[in-house]
Structure formats: structure tokens, C-alpha cells
Amino acid sequence: MADDDVTTPDTPAAPRPAASPHHHGDAPKEAPAGGPAGSPVVPPADAATAPAPTGANRPDDYPAEWEADVVLRDGSVAHVRPIVPADAEGIRAFHAQQSAESIYLRFFAPIKEISERDMHRFTHVDYDTRAAIVATIRDVVIGIARYDCLSDPSIAEVAFNISDHYQGRGVGSVLLEHLAAVAQERGVRRFVADVLPQNRRMMNVFIDAGYEVSHHFDDGVIAVEFTIEPTEKSKAVQLAREHRAEAQSMTRVLSPRSLAVVGASRRPDAVGSLALDCILDGGFSGAVHLVNSETDSVRGLHAYSKVSDIEGGVDMAVVCVPAERVLDVVDDCATAGVTTLLVISSGFAESGRPEGAERQAELLRRARDYGMRVLGPNAFGLVNNDPAVRLAATIARHVPEPGSLGLFTQSGGIGVGLLASVARRRLGVSVFASAGNRIDVSGNDLLQYFIDDDDTRTVGMFIESVGNPRKFSRIARQLSMSKPVVAVTTGTIGAVPPGHRTRASLVGAAAFDSLLDQAGIIGTSSIHELVDIAELLEHQPLPAGPRIAVIGTSRGLNSIVVDTAERAGLTVTHGPVSLATGCDATTVAAATEAAFADAEVDSVIVCVTPPMGSSDEEVAAAIAHIAWLYGKPCLTTFLGLRDVTDVMHRAGRPRSNGGRYIVPVYKTPLDGIAALAAITRYAQWRQSDHGEIITPDGINEGAARRLVDRVLAEAPEGRPLTPEEATTLLATYGLKVWPMVPVSDAEEAVDAAQRFGGPVVVRTMLPAIRTLPGSVRGALTDDASVVAAFDTLSEQLAHADDPMLVVQEMAPVGLATLIRSVEDPLFGPVVSFGIAGASSDLLHDVSHRIPPLTDVDARGLLSDIASAPVLTGYRGAPAVDNDALVDILARVATLADDVPEIAHLELNPVNAHPAGADILGAAIVVAPADTRTDPGRRALT
66 MADDDVTTPD TPAAPRPAAS PHHHGDAPKE APAGGPAGSP VVPPADAATA
116 PAPTGANRPD DYPAEWEADV VLRDGSVAHV RPIVPADAEG IRAFHAQQSA
166 ESIYLRFFAP IKEISERDMH RFTHVDYDTR AAIVATIRDV VIGIARYDCL
216 SDPSIAEVAF NISDHYQGRG VGSVLLEHLA AVAQERGVRR FVADVLPQNR
266 RMMNVFIDAG YEVSHHFDDG VIAVEFTIEP TEKSKAVQLA REHRAEAQSM
316 TRVLSPRSLA VVGASRRPDA VGSLALDCIL DGGFSGAVHL VNSETDSVRG
366 LHAYSKVSDI EGGVDMAVVC VPAERVLDVV DDCATAGVTT LLVISSGFAE
416 SGRPEGAERQ AELLRRARDY GMRVLGPNAF GLVNNDPAVR LAATIARHVP
466 EPGSLGLFTQ SGGIGVGLLA SVARRRLGVS VFASAGNRID VSGNDLLQYF
516 IDDDDTRTVG MFIESVGNPR KFSRIARQLS MSKPVVAVTT GTIGAVPPGH
566 RTRASLVGAA AFDSLLDQAG IIGTSSIHEL VDIAELLEHQ PLPAGPRIAV
616 IGTSRGLNSI VVDTAERAGL TVTHGPVSLA TGCDATTVAA ATEAAFADAE
666 VDSVIVCVTP PMGSSDEEVA AAIAHIAWLY GKPCLTTFLG LRDVTDVMHR
716 AGRPRSNGGR YIVPVYKTPL DGIAALAAIT RYAQWRQSDH GEIITPDGIN
766 EGAARRLVDR VLAEAPEGRP LTPEEATTLL ATYGLKVWPM VPVSDAEEAV
816 DAAQRFGGPV VVRTMLPAIR TLPGSVRGAL TDDASVVAAF DTLSEQLAHA
866 DDPMLVVQEM APVGLATLIR SVEDPLFGPV VSFGIAGASS DLLHDVSHRI
916 PPLTDVDARG LLSDIASAPV LTGYRGAPAV DNDALVDILA RVATLADDVP
966 EIAHLELNPV NAHPAGADIL GAAIVVAPAD TRTDPGRRAL T
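If you read the sequence shown in the numbering used here, its first letter stands for residue 66, the second for the next number, and so on.
Take a look at the structure:
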């Protein structure tokens, strides 16, 4: 339904009651009307378009930040944006396409046409007390949602109308989600609506969204009312819907029923030929078409001049034409109903040329307008080894064998190296995707797919940049709870690699490393480490704990293994067992079995060196057969001996679904230990309590927003808050700052001390030295001591134009800590903790977390720093009140998460002591906030 508060289009609008009048709606039906789920739906041919507003068609107050591309339930892509007056013709066409039933459910009357007066009211809104959004595909309106505030501006009546052609595809739930989000931003707290009794599906839309809905019968209709503030249930529903839609979208991408190679060439070394060879050699299960605009035959196969000439349609286009021709191909593919573009062509933003960047931006714009998903450009290809698909649309020289390792990379060069390394280790792959410049399909999309993919057991990623790290974190955490994720990160994280659509970070790689830890991702620094870990994960069970047995034929090597293992966090509880030089396979097998049988052992490491009394192959087989009998991981090293990989593969325990569990053979024991330590930490993370999101009490978000809005109204570019403003803002979130009084002479210092009425300190607030020894004079109880302290510090700081001296009540003896929050362009709010002074300023001994924080996250901020022992009692000092620090961290994180205009917040020092933690200094800068990469409602980034 569009919107209306009248019963017929030509009658005057009925006056609104002052209490809580409601509105009616047309619910998405349970089954799609336009074909089976997953099939592409093209808007009706006679539908009028409603293009995205530009120029004169765009009102001055148009809220562009409301625009979003979204994935619908069937995996297709729609565009959500604010309504504009120019949408009138598109809405008329939309209304004309609706069934009589849908119109009646929407308007309570059989309205054939919308009057000019009502159309004007529908399309002219203020985007504040009256707002509306539309969902479009290929510029055709497929859904409309609106709200109108009542006399109480915190209550709004809502209305929805979904195209009959798009029923059952989740359009209504997406519009409700987005409308509720923008309404909240405008201060609306509750939605109301009227629903006809026969339109129970509309009520289910509200209830299924996770809201607490109340309803009652009122004059023949159901009056519905619900609070739109997100609840744990509504958040869970939103994330579950996002997951299902994006996983379904990736299923469409990975499982095309037909494809066209655009740019198939007669030259065998051309990119199009390489892609075609891989597709044909891989035995793709669907139809393969060739497209070449210059010939009707390529290598004896029929070639079409363009994709739209292919009868029966095409799901995927593998684009291998020169960059300057790609946009024309995109337009033609849209005509043909293509849903996925795999753009292997290069020459876009990665070229560093302005025309390349412009071409890339236009590629994304057109693809989104047409409802297509794009992998690339500059992609290396896509592989899906599902026997029902057998897709190998890549330019790789060696396509990986089928298996259970899912892989994602960005640049093609990395993809080449990763696939080659995987092949050398004989690791089979379920899915491989190289996203190239990653303008659309990203690692987040693949992670959503891997969550439900039964063919994928382990996930490996090489991440050069991340466009939406907060979303990455929550999806990866969900995946990591059931499947290990191993990620190589580079120094480019937080920067903007050539061609990538991402934002530069202020905090960089350190925050991303913390994000990986929060999500349970196994972080590595090289492809070699990734494959080492993946091999162990693919073939061995997760260890129950860190206890290991070490068996070897060299005492010296055993010592190195033990030392390395213990430094990696493993505990040697069995051995090291040093076998005699020249021992045979029976001896090795007996020692190995004794280690496996030891209840105090979680994993077994066997290191064999020459000479041996049995053949290398016999020793390897003996170890493999012993490992069959126990559910514990085992890894080996055969230094100076023949390659026994083949033997291990033949002797491995058979899998129920084919293949074998292999005991890995590492080139050096150090590689194996690093891999074992990594998966041990992961297993411990998976078994550990991940905590609950902390929701501090005593929060007044409204007061905080009003203060920040007032400051930004006075200073639109932003500014530092005054001490009084900072104190007031922090108080809205239950954070008390100890008052301090700036003083410029001894007389002012004495006056300030007398006002405090107790022991005071005189200290400097100069940033460079305020936490250093000698920057504070304390235990001042009379005027003379205050004057002496002021004079001494003034003399010591005579080099400074302003010594920035203050008088403050004396705090208990404690430890000066630092708590900081930064609104990062890429990560959003990042909360940091450290010990104030040199350890954090010079040694960068600082921990980071990204809100929202669980109680485990908050305590992790304390325990992750190298200086953590000073918090729990060091060299006889009493432990500080860690609970008090956790409370402050939780309140800062909540404030930073709620108010993105807080560009920088620093509490320094926070004096931690056995009886609590006191905020002795605070500095806050506010500034206009960019839209966060993960804005809290479903959107492609």
C-alpha cells in the first residue's frame, strides 16, 4: 500500500484523532506470484519507471543517506530510497497493476485511480514528520512504505503496499525495517496501523519482525500498535533474514543454470579462451554459450553476437572483453535477464586512472539498477565443485579438486598462489571465489553462504581490504561457531588498495586484529601459514585442550619442539619421548600409541629423522594406522627422509562421505606446531563463554543527543567540548568526572583548594607529560603546601607557554589508566584501553574492541595488554577494581555506539584502585558523522 488516511481517493482527508488512530496495510503473501522462489522476476513490460532522483527531481531536503541496495528473500537485488514528487507516474502505474483485492486491503475501498490531490500528498513529504520510501527494481516501483506522525510526534501511523508481482519475496519486511530505522532517527518511538480482519498476513509481518505487537478490534478493523526500538528478538530476526537472503543470493551466483562467455576468442591465450577452457574442462552441468561480436564461430562452436540473442535466457555472464566495452555488455545482459556478472576484465579503478575509476563506479551503478550481482571487476574467477554444478569459471591453469575447503581472495595474483599451494597439499576445494576489486560480491557474502553449505568444512580467506568490518565480524563470529575460518591479513587493512571500494581507517590493522579475535577467526600472515592450518583442520579433529605429547628420534630436535610448543601456548604433558637412533616402525608405533592412550594428552606430535630401522613408508603407515583409533589430532615431520605424503594418503582413515582423514606431514616441526597452536586457540574460543551484550543502566540517550545536536548547530564543522559540556555528556551515560579547576596563579590555586575542602593535588594537564612522574603534587592540606606545589610545578614547566595547571580533589592511590573511543571511518566506534603514559604512548601497549561489547569483550580489553599483570596485583601491589573498569568501558562503548558524532573521546587518567575507578580527566571532540558502513539496517555495501 502506498499511504493514505482517507477511505476513498476523492474525499477530503479525515481529521486525525488526538489519541492513536491507525492505518491499514497490504501484507506480502506467503508464496510468490511471479514464479518459483529463486527465479528472476522482471517488472511488467508496461510499468512506468521511477528513476533515482537527480537534479531538479531531487528535493533540497532529500535524505540521500536513506538510500540502500538490498538483497530480497529470493536473492535478487532491489533499491530502497526516499520518495520524491517525480515518482507520481511510477506510483500510478504501480497502482494500476495491483489486483482489486490488494487495493481493497490497502484503501478499504475499490479505488481504481489515485486522485491528483492524494497523489500530491503521497509524494510530497517533509522526510521528518511525514516520510515515505519506495523499493524499486530497474527503476520500477515494487513497494511503498510511509509513516505520518500524529499529534504526539513520537507516534506515527504506517502504511505499506507491495506489488502483486513481488509478493513473498521479503519486500515488506525490508521496507518495515528501513522505515522503522529512519523513523527512530526522527524521534518516532511507536508505530500504529489499522488492518482489516481478513488481512492477517499484515499483522504477521509486524509480529514476525520481532516487535511486541498489541492489537484489538475497533469498529470492524484490527488496531495494531508496537514500539519500534530494536529488541534482542527483532535484531535476531533482522540478522536471520539478512543471512537467508544473502546466502540465497550467493546460491544464485554459484549455481547458474546457464552461462555465456562474453569475449570468447579464437586465440588460445586470450582471457576469454582460458575461461572457456576451464568451464568446458570442468564439465559445467548447465548450458554454455559463446558470445563474440565479430564472428559466429569460435573454435568450431557457435557464437552469438550478443547475450540478448541467446534463446532461453542466461543466468551468468563471464565478461572477458576490453574494459571500454564492459558497460555495453552490462546493458545487453540486463536486456537478456542475466542475474550475475563475473567480470574478469581489468582496466578499472585498479589502473589508477580516473577513467578506470569512473568506469568502475558506473559498472556498479548499472548493475545495481538492473538488480544484478557482480563478482569483480579484475576477478580471477569462480569455482563451485558441487557435483550438481561443476562450475569452473576461472582463468586458473589448475582448477582445484573437489573437497571441503572454501576459499575467498581478492586479487588474482593471490588467487594463483593460493590455489597452487592448496593443490600441492592435495586439499580439495568446495568453492573458490576471487572478487578482484570487490565492488559488489565480497567476503561477507561468501561467509553467509558458507554458514549453511554442507560441502564446506573449513574456510580460508586472503583479505586485502574490508568494506564493512562490523558486518564481517558478526557474520564471521556466527560462522566460526561451527566452522573454522582462517584469514591472511596484510598491511593494507585499514588502507585503500588500488581499485577497492573501502574507506581509510584511522586506527588501522590493530583494530582489525582485535576484530578477528572477537569473531574467533584464526589470523595468519601468509598463504603458507593458512594452508598449514587448513591442512590440519581438514584432516584432523579439533584438540580438546593444549596438552601435547612429543615423540622423536632426536633429543636435540625434541628440545626445540618442546621449547617452541611452550612458547606457542601449548603444554607438554607426555615426553618428550626420545627414541633410539635406528629404531623401527614397531617401536615408533608403540610410543605413538602410548601417547594417544594417555588421558593427559590432547594432541600428538611425532618427529622422525634418519637413520631408521624400517623404511620411511613403513613408519608413516604405522603412525597413520595408530591415529585411526583415537579422536585426537596428530601431526608429523619426516626430516631428511623421503616424502611420505602418498603413504599417509593411502593409510588415512576413510571418511563417511568419501576420501580419507590424513595425518599431515610438515616440512619442519615448527610449521606444524604453529598450526596446532592456532587450532588449539580456536577450539578453546569455540568452547568458551562468549558473554552477553552489556546494557548499562542509567542511560539517557536523548539527553546526550540533544547536547551533541546543540553543539553541532552552533559549530557545524564540530569542535572540542568544554570541560563542563564533556562532564554533562558523560553524566548522561552514568560516567562521573571528578571536577578540576584551572588555575593561573598561586592565589587561584589556594582559592580552589579551599573550595574542595580536603586534601587536593596540583597537577599539569600538558598532554606530553601529564602522566609522567613529577607531574602531580599531592596530599596538599593547607594553603602553604598548595602555594609551594604551584610554584614548584610552574618553575619546572617554565618552558611551556601555559603549564596548564589545575587543582583537583586528591584521589586514592591507584593506577593511571587510559580509556579511549574513536569514531573510525571504516570500523565505526573503536574502544581502546591501556595503562596511561609511556606504555600506551610509546610502546603502543593498547587493546581494542569494537562495540557492542559483551562482558567477555570488556574483560578482554583489560587482559589483552602486555601490562595486564599490574591490574591484578604485581610485585605485591593490591589488585585494582577490574569490575569498575569494566563498567566504565561498557558505558563508553555504549555511548560511542549510540552517538556516532562523538569523533574522539578520551578519559585520561582513569584512576583504578582496589575500591573503584575514578575518571580524573576527560576530553571529547564532536563532529558531523559519516554514515557507518553497517548502519543497522540491511544494505549492500
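Quick reminder that beta carbons are idealized off the backbone N, C-alpha and C, glycines included.
Is residue i buried or exposed, if buried means 16 or more other CB atoms sit within 10 Å of its CB?
{"i": "Gly140", "result": "buried"}
{"i": "Gly899", "result": "buried"}
{"i": "Trp693", "result": "exposed"}
{"i": "Lys548", "result": "buried"}
{"i": "Glu766", "result": "exposed"}
{"i": "Lys697", "result": "buried"}
{"i": "Met546", "result": "exposed"}
{"i": "Gln475", "result": "buried"}
{"i": "Thr589", "result": "buried"}
{"i": "Asn443", "result": "buried"}
{"i": "Ala92", "result": "Only weak support exists for where Ala92 lies, its pLDDT of 37 falling under 50; the coordinates are left without a value."}
{"i": "Tyr939", "result": "exposed"}
{"i": "Thr787", "result": "exposed"}
{"i": "Val855", "result": "The sequence given here places Phe at residue 855; Val does not occur at that position. Buried, since its Cβ has 16 or more Cβ neighbours within 10 Å."}
{"i": "Ser507", "result": "buried"}
Is DSSP giving residue i helix, strand or coil here?
{"i": "Gln163", "result": "coil"}
{"i": "Ser362", "result": "strand"}
{"i": "Gly621", "result": "helix"}
{"i": "Gln873", "result": "strand"}
{"i": "Leu398", "result": "Sequence check: residue 398 is Cys here, not Leu. Helix at Cys398."}
{"i": "Met526", "result": "strand"}
{"i": "Tyr747", "result": "helix"}
{"i": "Val572", "result": "coil"}
{"i": "Val991", "result": "strand"}
{"i": "Asp273", "result": "helix"}
{"i": "Pro788", "result": "helix"}
Cα-Cα, which of the options is closest to residue i?
{"i": "Ala633", "options": "Ala743, Gly763 and Ser912", "result": "Ala743"}
{"i": "Leu511", "options": "Leu447, Val553 and Val572", "result": "Leu447"}
{"i": "Asp520", "options": "Phe497, Ala541 and Asn502", "result": "Phe497"}
{"i": "Leu927", "options": "Gly941, Arg940, Asp946 and Ala942", "result": "Asp946"}
{"i": "Phe577", "options": "Asn533, Val199 and Ile598", "result": "Asn533"}
{"i": "Leu891", "options": "Ala994, Arg255 and Gly938", "result": "Ala994"}
{"i": "Ile752", "options": "Pro608, Asp920 and Pro979", "result": "Rather than Ile, the amino acid found at residue 752 in this sequence is Gln. Of the listed residues, the one whose Cα sits closest to Gln752 is Pro608."}
{"i": "Val372", "options": "Ala500, Gly879, Thr404 and Leu492", "result": "Thr404"}
{"i": "Ala818", "options": "Leu831, Thr793 and Ala844", "result": "Ala844"}
{"i": "Asp582", "options": "Ser591, Glu594, Arg620 and Arg539", "result": "Arg539"}
{"i": "Ala227", "options": "Ile220, Pro218 and Arg211", "result": "According to the sequence as given, residue 227 is Ile; it is not Ala. Here the closest residue by C-alpha is Arg211."}
{"i": "Ala833", "options": "Asp810, His755 and Asp867", "result": "Asp867"}
{"i": "Ala955", "options": "Tyr798, Gly378 and Thr188", "result": "Tyr798"}
At what residues does the alpha helix (DSSP H) containing residue i begin and finish?
{"i": "Ile540", "result": "Pro534 to Ser545"}
{"i": "Glu250", "result": "Val236 to Glu250"}
{"i": "Ser320", "result": "Where Ser320 is concerned, there is no enclosing alpha helix (DSSP H), given that its DSSP letter is neither H nor E."}
{"i": "Glu130", "result": "Per DSSP, Glu130 belongs to no alpha helix (DSSP H) and is neither H nor E."}
{"i": "Asp517", "result": "Gly508 to Asp517"}
{"i": "Tyr435", "result": "Pro419 to Tyr435"}
{"i": "Asp283", "result": "Here Asp283 belongs to no alpha helix (DSSP H); instead the beta strand (DSSP E) covers Val278 to Asp283."}
For residue i, verify whether its CB is less than 7 Å away from any heavy atom of the ligand MN.
{"i": "Tyr747", "result": "Only the bare structure without any ligand can be found here, which leaves the ligand MN out of the picture."}
Within the continuous beta strand (DSSP E) that includes residue i, where are the two ends?
{"i": "Asn973", "result": "Ile967 to His978"}
{"i": "Ala352", "result": "Ala352 to Val356"}
{"i": "Phe898", "result": "Gly893 to Ile900"}
Answer yes or no: does any C-beta atom of chain C fall closer than 8 Å to that of residue i?
{"i": "Glu682", "result": "Considering every chain present, this structure includes no chain C. It has just one protein chain."}
Check your understanding: Is the segment 358 to 369 in contact with the segment 393 to 407, if contact means three or more CB pairs nearer than 8 Å?
Key -> Here the segment 358 to 369 makes no contact with the segment 393 to 407; the two share fewer than three CB pairs at distances below 8 Å.
Check your understanding: Are three or more beta carbon pairs between the segment 230 to 245 and the segment 175 to 184 nearer than 8 Å?
Key -> no
Review point. Touching or not, the segment 602 to 614 and the segment 709 to 729, by the rule of three or more beta carbon pairs under 8 Å?
Key: yes
Point to revise | Stretch pair the segment 959 to 968 + the segment 863 to 875: three plus CB contacts closer than 8 Å | key: no
Point to revise | Cβ contact (3+ pairs, closer than 8 Å) linking the segment 324 to 337 and the segment 370 to 386 | key: The count of Cβ pairs closer than 8 Å, one atom from the segment 324 to 337 and one from the segment 370 to 386, reaches three, so the stretches are in contact.
Check your understanding: On the three-pair Cβ rule with 8 Å, is the segment 441 to 460 touching the segment 156 to 163?
Key -> no
Practice item. Kindly confirm or deny that the segment 608 to 619 and the segment 668 to 680 touch, where touching means at least three C-beta pairs closer than 8 Å. Key: yes
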